[in-house]
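Participant: For what it's worth, our numbering labels the leading residue of the sequence shown as 2, then goes sequentially. Just so you know, even glycine gets a beta-carbon here, dropped at the ideal spot from N, CA and C. Just dropping this structure here.
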Amino acid sequence: MQTERQRRWIVLLLACSCLFAMALLWKSEPPVYKKLTSPAQLDSLIQLTFTEMDVRNSQVRRRTVQVDSLFSRSVYHINVAPNFSKTTLHYTLQQKAWPYGVSFVARVEFPDRNMHIHLLVNDNIHRSVIIREDASLRLQQNQPEVLPGQDSHEVD
């Protein structure tokens, strides 16, 4: 008798939660993307992320790659301390650029653990950020750090 009553309550609660979920889905608005007016906005977002992550200008080298006669792409090379969290930099950059409709593709080269982040707009790579570890650098005070207990499968 008690289990039958419990089952009815569970079914009732599940039905209510489904109704609330449908109401939220019906009332929610799709995300509104901001418009990129120029490629310089991407550079500004990247520089803002570097500033927020306390990456010094001396650690960043920027070069331009000519893709064809009409299109060129900037590539940022960053040297960071070995215990600097590359994943946090990737996440922060993605949070800043996502409202502009920028998508990301990242890969890590092993065993060096260098991270390549590509910023895509309309399925074209517009900017690349290559993060390399430099043993001569030390972690700055406000930079994210790889935590001592992190698993080896986590890429930082």
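So what's R63 in DSSP terms, helix, strand or just coil?
Facilitator: Assignment of R63 by DSSP, reduced to helix, strand and coil, places it in the strand class.
Participant: On the criterion of 16 or more Cβ atoms from any shown chain inside 10 Å, does Q60 qualify as buried, or is it exposed?
Facilitator: That one is buried.
Participant: Does DSSP put M54 in a helix, a strand or coil?
Facilitator: Shown here, M54 sits in coil according to DSSP, grouped into three states, outside any helix or strand.
Participant: Please state the DSSP three-state secondary structure of Y101.
Facilitator: Note: Y101 maps to helix in three-state DSSP.
Participant: Would you kindly check if the distance between the Cβ of S129 and the Cβ of Y92 is under 8 angstroms?
Facilitator: Not a contact, by the Cβ cut-off of 8 angstroms.
Participant: G121 and V103 look like a contact to me (Cβ under 8 angstroms); what is the Cβ gap, rounded to whole Å?
Facilitator: Before going further, note that residue 121 is Leu rather than Gly in the sequence given. 7 angstroms between Cβ atoms; contact.
Participant: Indicate the three-state DSSP secondary structure (helix, strand or coil) for A22 in the structure shown.
Facilitator: helix
Participant: Report, in whole angstroms, the separation of the C-beta atoms of H117 and F105, which I expect to be a contact under 8 angstroms.
Facilitator: Not a contact, Cβ separation roughly 11 angstroms.
Participant: Apart from the five residues just before and just after L37, which ones in its own chain have a Cβ nearer than 6 angstroms to its Cβ?
Facilitator: Only residues of its own chain outside the window of five on either side were considered, and among them Y101 have a CB closer than 6 angstroms to the CB of L37, listed in chain order.
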